[in-house]
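Comments concern the structure below.
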Amino acid sequence: MAVSVSRVGYPRWLSQMGEAFRGVFLANRSALRLLSLVIFFGVWQLLCAIKFNFFINFQFVPSPVEVLKATLTFFASSPWVHFRSSIMRVLIGFGLATCLGVLVGVLIGWFAVIEDLLLPPLELLRPIPAVAWIPLAILMFPNAESGMVFLTFVGAFFPILISTINGVESTLSDTVLMRVGQCLGAKPWHTFKDIVVPGSLPSIASGLSIGMGNAWFCLVTAEILAGRYGIGYITWESYVTSNYPPIVMGMLLMGLLGAFSSWAVSRGMGALMPWRVVKKQGSV
Amino acid sequence: MMTQLEQRQTVKGAVQVEGLSVTFRNRGQDIHVLNQIQMGIKPGEFVCLLGPSGCGKSTLLNVIAGFIKPTAGYVMVDQTPVTRPGADRGFVFQQYSLLPWKTAFQNIELGLKIRGMAKGDRTELVHDYLNRVGLYKHRNSYPHQMSGGMQQRASIVRALVNSPSVLLMDEPFAALDAQTRHMMQELLLDIWDDLKTTVIFVTHDIEEAIFLGDRICIMGVQPGHIKAELPIGLGRPRHFDDTLSAEFVDLHRQVFECIREETMKSMEGCL
Numbered sequence: 202m203a204v205s206v207s208r209v210g211y212p213r214w215l216s217q218m219g220e221a222f223r224g225v226f227l228a229n230r231s232a233l234r235l236l237s238l239v240i241f242f243g244v245w246q247l248l249c250a251i252k253f254n255f256f257i258n259f260q261f262v263p264s265p266v267e268v269l270k271a272t273l274t275f276f277a278s279s280p281w282v283h284f285r286s287s288i289m290r291v292l293i294g295f296g297l298a299t300c301l302g303v304l305v306g307v308l309i310g311w312f313a314v315i316e317d318l319l320l321p322p323l324e325l326l327r328p329i330p331a332v333a334w335i336p337l338a339i340l341m342f343p344n345a346e347s348g349m350v351f352l353t354f355v356g357a358f359f360p361i362l363i364s365t366i367n368g369v370e371s372t373l374s375d376t377v378l379m380r381v382g383q384c385l386g387a388k389p390w391h392t393f394k395d396i397v398v399p400g401s402l403p404s405i406a407s408g409l410s411i412g413m414g415n416a417w418f419c420l421v422t423a424e425i426l427a428g429r430y431g432i433g434y435i436t437w438e439s440y441v442t443s444n445y446p447p448i449v450m451g452m453l454l455m456g457l458l459g460a461f462s463s464w465a466v467s468r469g470m471g472a473l474m475p476w477r478v479v480k481k482q483g484s485v
Numbered sequence: 257m258m259t260q261l262e263q264r265q266t267v268k269g270a271v272q273v274e275g276l277s278v279t280f281r282n283r284g285q286d287i288h289v290l291n292q293i294q295m296g297i298k299p300g301e302f303v304c305l306l307g308p309s310g311c312g313k314s315t316l317l318n319v320i321a322g323f324i325k326p327t328a329g330y331v332m333v334d335q336t337p338v339t340r341p342g343a344d345r346g347f348v349f350q351q352y353s354l355l356p357w358k359t360a361f362q363n364i365e366l367g368l369k370i371r372g373m374a375k376g377d378r379t380e381l382v383h384d385y386l387n388r389v390g391l392y393k394h395r396n397s398y399p400h401q402m403s404g405g406m407q408q409r410a411s412i413v414r415a416l417v418n419s420p421s422v423l424l425m426d427e428p429f430a431a432l433d434a435q436t437r438h439m440m441q442e443l444l445l446d447i448w449d450d451l452k453t454t455v456i457f458v459t460h461d462i463e464e465a466i467f468l469g470d471r472i473c474i475m476g477v478q479p480g481h482i483k484a485e486l487p488i489g490l491g492r493p494r495h496f497d498d499t500l501s502a503e504f505v506d507l508h509r510q511v512f513e514c515i516r517e518e519t520m521k522s523m524e525g526c527l
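Right, here's the structure in full:
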């Protein structure tokens, strides 16, 4: 048997496969991303199948196949009311956080007085996680729905606020940009509209993206509070009733919705910034 | 239009610098950047500020622009003291300074928009200027889509479109390659020949200063002062060939001798 062997000592077909792999996956970034998901679910299924138990125990973890079954059952019943409730809570909370976060962020970034007046209490509230807000949310809000919206708002507000402040401050600190405006005779309004707002937009965009993710993050917390509908509610409810596959399904659905809405936010902001070029190391 | 140009030629753009000193405080020490600068510039004159790095030439330009307040003395532009930056003193920066989020057209239009000029008028004016510097085709390009030379052309036009009394240029071509730099110099002289705006041009390039200027102010270091003034008698319009003439080479030698001493001093300061 004459198996052709390359100089380094492994069979040629192996190196040819390597070439093929490189051609399909490394050159094609969407294929590479798909592959990463396949590997992720494959490894998970494998760990469940062999009942992996070394420090971390996979014996009781639902496998991807079980989760898929639970998902099919869930979609066969009436899933849309859950989706609708969760999406509405996140969107309203995120929307309010965007309006307030950008507005307050711009004011804090622009005026030193407002920074001194508003920032200290905000910095005090910022590290408090959404879970810790549950009792107060119950006490402060007239109904569970507004309390839940408040909790998603808390998650989204702070990243948006901080990114906006940073964006405005770094634009105002850019000597050349500010001088360009000055020697064109710009009044504060023009400086704001034509320089500071577009200059801080990239920073605000990343704040919105993170804020959107955080809003989903806080959803389970919010839906523990009360209610009968919602993806977070199903997740929590399944835990209480020891029905494990739907828990993982709920987690994955939230991950999926969160990732999708963050992506939508980035795309939307990207459309607002046609002037922006994003390059990665190594790209030409 | 012609009368407006003539008027500008005779009236607008006189710059007077009187006893100007600038001192910065750094770590409790006073650093004298400029000492007792005295300068008079006639309307329509093209003056080059030439000197080694650290001689304060950019600082002087920034004071005239109103970006920096002098410690002593003052600057007058057309009998009005300079207290803050304004559109009457156009500025072209060394770095590419177009607003990245605006197209070439929008960048140039901004000053007119701020002034409140009607949309139709400003479109016409901006298009004229874009044509003048060969950028009309690129009017809808964003800065990142334009070459360095194109960006600097747009920056020059952005300043000129506001018909400033004086155009301040801070080493505007320093970042460009040699070929582009020569083309930009000729283009600038071309425009200046039409508009006869007063130009104060900061550079450390001797050849550039001689090629462009009516007069060169050579600056010395520690602290920055005007060491010598040299009128450039070369005829106009000037072309690249002129840089090879005996007269040009002779001027180059003179300036080089004068500036050499200061460069040595500024290097010693660093060691």
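Protein chains in written order, with my numbering: chain A, 202 to 485; chain B, 257 to 527.
Even glycine gets a Cβ: it sits at the ideal position worked out from N, Cα and C.
Quantities reported herein were computed from a predicted structural model and do not represent experimental measurements.
In this structure, DSSP gives phenylalanine 280 of chain B an extended state, which the three-state scheme calls strand. Taking the CA atoms as reference points, alanine 333 of chain A sits about 34 Å from leucine 238 of chain A. According to the DSSP assignment, aspartate 286 of chain B belongs to the beta strand (DSSP E) that extends over 285-297. Excluding five sequence positions before and after threonine 315 of chain B, the CB atoms of its chain that fall closer than 8 Å to its own CB belong to Val278, Val289, Leu290, Ile324 and Gly480, given in chain order. Alanine 465 of chain A is positioned such that its CB atom lies no closer than 9 Å to that of threonine 353 of chain A.
Assignment of threonine 436 of chain A by DSSP, reduced to helix, strand and coil, places it in the helix class. Annotated as distal: alanine 298 of chain A and methionine 349 of chain A, with beta-carbon spacing of 9 Å or more.
Look at valine 477 of chain B here: in three-state DSSP terms it is coil, with no helix or strand label.
Look at the segment 434-515 of chain B and you find these whole runs of beta strand (DSSP E), each 3 residues long or longer: 454-459, 471-476 and 481-487.
With a contact defined as Cβ atoms closer than 8 Å, proline 337 of chain B and threonine 454 of chain B miss out at about 17 Å. Each residue's CA atom was taken as its position, placing asparagine 415 of chain A and methionine 379 of chain A some 34 Å apart. The beta carbon of glycine 404 of chain B does not come within 9 Å of any beta carbon belonging to chain A, so the residue lies off that interface. Chain-order list of chain A residues neighbouring histidine 438 of chain B: empty, with the shortest C-beta distance near 26 Å, by a criterion of under 9 Å. For phenylalanine 347 of chain B, at least one C-beta of chain A is nearer than 9 Å to its own C-beta.
Counting of Cβ neighbours within 10 angstroms places alanine 460 of chain A among the exposed residues, the total staying below 16. Residues of the segment 383-395 of chain A with a C-beta atom less than 8 Å from some C-beta of chain B are Gln383, Cys384, Leu385, Gly386, Ala387, Lys388, His391 and Asp395, listed in chain order. With fewer than 16 other CB atoms across the displayed protein chains lying within 10 angstroms of its CB, tryptophan 281 of chain A is exposed. In this structure, the beta-carbon distance from leucine 354 of chain B to leucine 368 of chain B does not fall below 9 Å. With fewer than 16 neighbouring CB atoms inside 10 Å of its own CB, valine 314 of chain A falls in the exposed class.
In this structure, methionine 406 of chain B lies away from alanine 374 of chain B, with their beta-carbon atoms at least 9 Å apart.
Assignment of beta-bridge partners to aspartate 334 of chain B by DSSP yields no partner.
Looking at the DSSP output, glutamine 272 of chain B sits in a beta bridge with B:Gly296 and B:Met332.
Residues of the same chain with a CB within less than 7 Å of the CB of threonine 459 of chain B, apart from the 5 flanking positions on each side, are Cys304, Leu306, Glu427 and Ala465 in chain order. The secondary-structure analysis by DSSP pairs cysteine 304 of chain B across a beta bridge with B:Phe457 and B:Ile472. Taking a C-beta distance under 9 Å as the contact criterion, glycine 408 of chain A and glycine 306 of chain A qualify as a contact pair. Beta-bridge partners assigned by DSSP to valine 422 of chain B: B:Arg345 and B:Thr454. Leaving aside the five residues that flank proline 446 of chain A on each side, the residues in its chain whose CB is nearer than 6 Å to its CB run, in chain order, Pro263, Glu267, Val268 and Ala271. For isoleucine 412 of chain B, no CB of chain A lies under 9 Å from its own CB, so it is not counted at the interface with that chain. Taking 9 Å as the cut-off, the Cβ atoms of glycine 342 of chain B and glycine 329 of chain B do not count as close. At least one C-beta of chain A is nearer than 9 Å to the C-beta of serine 353 of chain B. Between valine 303 of chain A and methionine 413 of chain A, the gap from beta carbon to beta carbon reaches 9 Å or more. Burial state of methionine 425 of chain B is buried, judged by a 10 Å Cβ sphere holding 16 or more other Cβ atoms.
Cα atoms of valine 333 of chain B and aspartate 497 of chain B: separation of roughly 35 Å, rounded to the nearest angstrom. Taking a Cβ-Cβ threshold of 9 Å, the residues of chain B close to arginine 380 of chain A are Asn318, Ala321, Phe323, Pro341, Phe347, Phe349 and Ser353, in chain order. From the beta-carbon of valine 377 of chain A, the residues of chain B found nearer than 8 Å are Phe349, Gln351 and Ser353. Under a criterion of Cβ atoms nearer than 9 Å, no residue of chain A is adjacent to histidine 394 of chain B; the nearest Cβ is some 14 Å distant.
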